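**Student:** Residue numbers (the working numbering): 319 to 607.
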Amino acid sequence: MWRSCLRLRDGGRRLLNRPAGGLCASMSPGPTIPSPARAYAPPTERKRFYQNVSITQGEGGFEINLDQRKLKTPQAKLFTVPSEALAIAVATEWDSQQDTIKYYTMHLTTLCNTSLDNPTQRNKDQLIRAAVKFLDTDTICYRVEEPETLVELQRNEWDPIIEWAEKRYSVEINSSTSIMGPSVPTKTREVLVSHLASYNTWALQGIEFVAAQLKSLVLTLGLIDLHLTVEQAVLLSRLEEEYQIQKWGNIEWAHDYELQELRARTAAGTLFIHLCSESTTVKHKLLNE
Numbered sequence: 319m320w321r322s323c324l325r326l327r328d329g330g331r332r333l334l335n336r337p338a339g340g341l342c343a344s345m346s347p348g349p350t351i352p353s354p355a356r357a358y359a360p361p362t363e364r365k366r367f368y369q370n371v372s373i374t375q376g377e378g379g380f381e382i383n384l385d386q387r388k389l390k391t392p393q394a395k396l397f398t399v400p401s402e403a404l405a406i407a408v409a410t411e412w413d414s415q416q417d418t419i420k421y422y423t424m425h426l427t428t429l430c431n432t433s434l435d436n437p438t439q440r441n442k443d444q445l446i447r448a449a450v451k452f453l454d455t456d457t458i459c460y461r462v463e464e465p466e467t468l469v470e471l472q473r474n475e476w477d478p479i480i481e482w483a484e485k486r487y488s489v490e491i492n493s494s495t496s497i498m499g500p501s502v503p504t505k506t507r508e509v510l511v512s513h514l515a516s517y518n519t520w521a522l523q524g525i526e527f528v529a530a531q532l533k534s535l536v537l538t539l540g541l542i543d544l545h546l547t548v549e550q551a552v553l554l555s556r557l558e559e560e561y562q563i564q565k566w567g568n569i570e571w572a573h574d575y576e577l578q579e580l581r582a583r584t585a586a587g588t589l590f591i592h593l594c595s596e597s598t599t600v601k602h603k604l605l606n607e
């Protein structure tokens, strides 16, 4: 019951979990009314209209070419990314499409479009605040009071992650069984705001995206710091669901599809964060903080 009430309380944020796809402005419809973390709704599939995908380096960064035409964003901006590695990853998404282009599978393209167009017109400080706000409803901070087997499972699986985060960032992260959620100390917010400020706006778009998938900033930080794998983070974010599946059984194809989709979005978002971060910055974070 408490979980249902929580979802009603945060119904708007739960919409952030919807998958999204990439858009090519000259070939696709314009953006719909955006939500903070999901800028574009996925368009319908369409027939592949290009043969070859390549990348070139321009004045503003690296560009994606579909045959002889340059890829553009939904707002008709030249699709330009800051690193060659990210350009290769995006080009791979387009090249891997078969006879039909499935835009909803192209998460890296979507994140780049959002970073380039910034349809919600948010600055860096707003992106940071949006990411930190996930602490208020962080999945691993909400605990049940019964049944005892689930209580123990949450304690055994989630407590070590919270302990790691508290030690890693020198903060206090509380858990709660109340529908009002845990109390987040002011110092904790300040420390995490300062930490996230070291990332550029592109990486912050990715951080918010991953936090929206996992409904957890703590798990997202674990992924960024390589403390967790994508598989581990996804399973931890779905702990209650997996418990119920083990108890009551799996709905054929439905649960498996949802799990694979969540893994794909989380993996893409995590890759995006790292590809948008300077390698020296990432190395500094992992070794010295």
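By construction, the Cβ of each residue, glycine as well, lies at the ideal position given by its N, Cα and C atoms.
These figures come from a predicted structure and were not determined experimentally.
Between the alpha carbons of ARG364 and TRP520, how many angstroms are there, rounded?
**Tutor:** Cα to Cα, ARG364 sits roughly 28 Å from TRP520.
**Student:** Are the region 491–502 and the region 459–473 touching, with three or more C-beta to C-beta distances below 8 Å?
**Tutor:** As far as the Cβ criterion goes, the region 491–502 touches the region 459–473, which means the pair count is three or higher.
**Student:** Residues in its own chain within less than 6 Å of THR423 by CB, not counting five upstream and five downstream?
**Tutor:** So no residue of the chain qualifies.
**Student:** Among ALA586, ARG581, GLY379 and ASN441, which one has its Cα closest to the Cα of THR410?
**Tutor:** Here the closest residue by C-alpha is ALA586.
**Student:** Opposite GLU381 in the DSSP bridges: which residues?
**Tutor:** GLU381 is bridged to THR374 and THR398.
**Student:** Who does LYS390 pair with in a DSSP beta bridge?
**Tutor:** The partner list for LYS390 (beta bridge, DSSP) reads LEU396.
**Student:** Nearest to GLU475 by alpha carbon, out of SER555, THR428, THR432 and GLN393?
**Tutor:** Checked all of SER555, THR428, THR432 and GLN393; the closest Cα to GLU475 is SER555.
**Student:** Among residues of its own chain, excluding the 5 on either side of SER401, which ones have a beta-carbon nearer than 8 Å to its beta-carbon?
**Tutor:** Here the set comprises GLY379, PHE380, LEU593 and CYS594.
**Student:** Drop a sphere of 10 angstroms on the beta-carbon of GLN472, count the other beta-carbons inside from all chains shown, and report buried for 16 or more, exposed for fewer.
**Tutor:** The residue in question, GLN472, is buried, as its Cβ has 16 or more Cβ neighbours within 10 Å.
**Student:** Let me confirm a value: SER488 is counted as buried when at least 16 other C-beta atoms fall within 10 Å, else exposed. Which label applies?
**Tutor:** By the 10 Å Cβ count, SER488 comes out exposed.
**Student:** Going by the beta-carbon positions, is the gap between GLU560 and ALA448 smaller than 9 Å?
**Tutor:** No, the pair does not count as a contact, with Cβ atoms beyond the cut-off.
**Student:** Compute the Euclidean distance between the alpha carbons of THR398 and VAL552, then round it to the nearest angstrom.
**Tutor:** Taking the straight line joining both Cα atoms gives about 30 Å.
**Student:** Roughly how far, in whole angstroms, is the beta-carbon of VAL450 from the beta-carbon of LEU522, given that I think they are within contact range, below 8 Å?
**Tutor:** Incorrect: roughly 11 Å between the Cβ atoms, too far for contact.
**Student:** Determine the direct distance from the alpha carbon of GLU377 to that of ALA405, and round the result to whole angstroms.
**Tutor:** Computed Cα separation, rounded: 14 Å.
**Student:** So what's SER656 in DSSP terms, helix, strand or just coil?
**Tutor:** Past the boundaries of the shown model lies residue 656; the chain is included only from 319 to 607, so the question cannot be answered.
**Student:** Could you tell me the alpha carbon to alpha carbon distance between LEU389 and GLU481, rounded to whole angstroms?
**Tutor:** Those two C-alpha atoms are separated by around 45 Å.
**Student:** State buried or exposed for PHE590, treating a residue as buried only when at least 16 other CB atoms are found within 10 Å of its CB.
**Tutor:** Buried, since its Cβ has 16 or more Cβ neighbours within 10 Å.
**Student:** Per DSSP, what are the beta-bridge partners of TYR460 in this structure?
**Tutor:** According to DSSP, TYR460 bridges with SER494.
**Student:** So is TYR421 buried or exposed if we call it buried at 16+ other beta carbons inside 10 Å?
**Tutor:** Buried: at least 16 other Cβ atoms inside 10 Å.
**Student:** May I have the straight-line CA-CA distance separating ILE546 from LEU429, to the nearest angstrom?
**Tutor:** The amino acid at residue 546 is misidentified as Ile; the sequence shows Leu. Cα to Cα, LEU546 sits roughly 22 Å from LEU429.
**Student:** Whole angstroms are fine: how far does the CA of PRO392 sit from the CA of GLN386?
**Tutor:** The straight-line gap from Cα to Cα measures roughly 19 Å.
**Student:** Taking the alpha-carbon positions, what's the VAL528 to LEU396 distance?
**Tutor:** Their Cα atoms are separated by approximately 25 Å.
**Student:** Taking buried to mean at least 16 other C-beta atoms within 10 Å of its own C-beta, is THR427 buried or exposed?
**Tutor:** It is buried - the Cβ of THR427 has at least 16 other Cβ atoms within 10 Å.
**Student:** Buried or exposed for PHE367, going by 16 or more other Cβ atoms inside 10 Å?
**Tutor:** Under this definition PHE367 is an exposed residue.
**Student:** Got a sec, what are the start and stop residues for the alpha helix (DSSP H) PHE527 sits in?
**Tutor:** 519–532 is the span of the alpha helix (DSSP H), which, as asked, contains PHE527.
**Student:** Tell me where the alpha helix (DSSP H) around ASN280 begins and ends.
**Tutor:** Residue 280 falls outside the range modelled here, since the chain spans only 319 to 607, and no answer is possible.
**Student:** Quick check: what's the CA-CA separation for ASN441 versus ARG507?
**Tutor:** The straight-line gap from Cα to Cα measures roughly 18 Å.
**Student:** Could you pull the start and end residues of the alpha helix (DSSP H) that SER433 belongs to?
**Tutor:** 425–435 is the extent of the alpha helix (DSSP H) around SER433.
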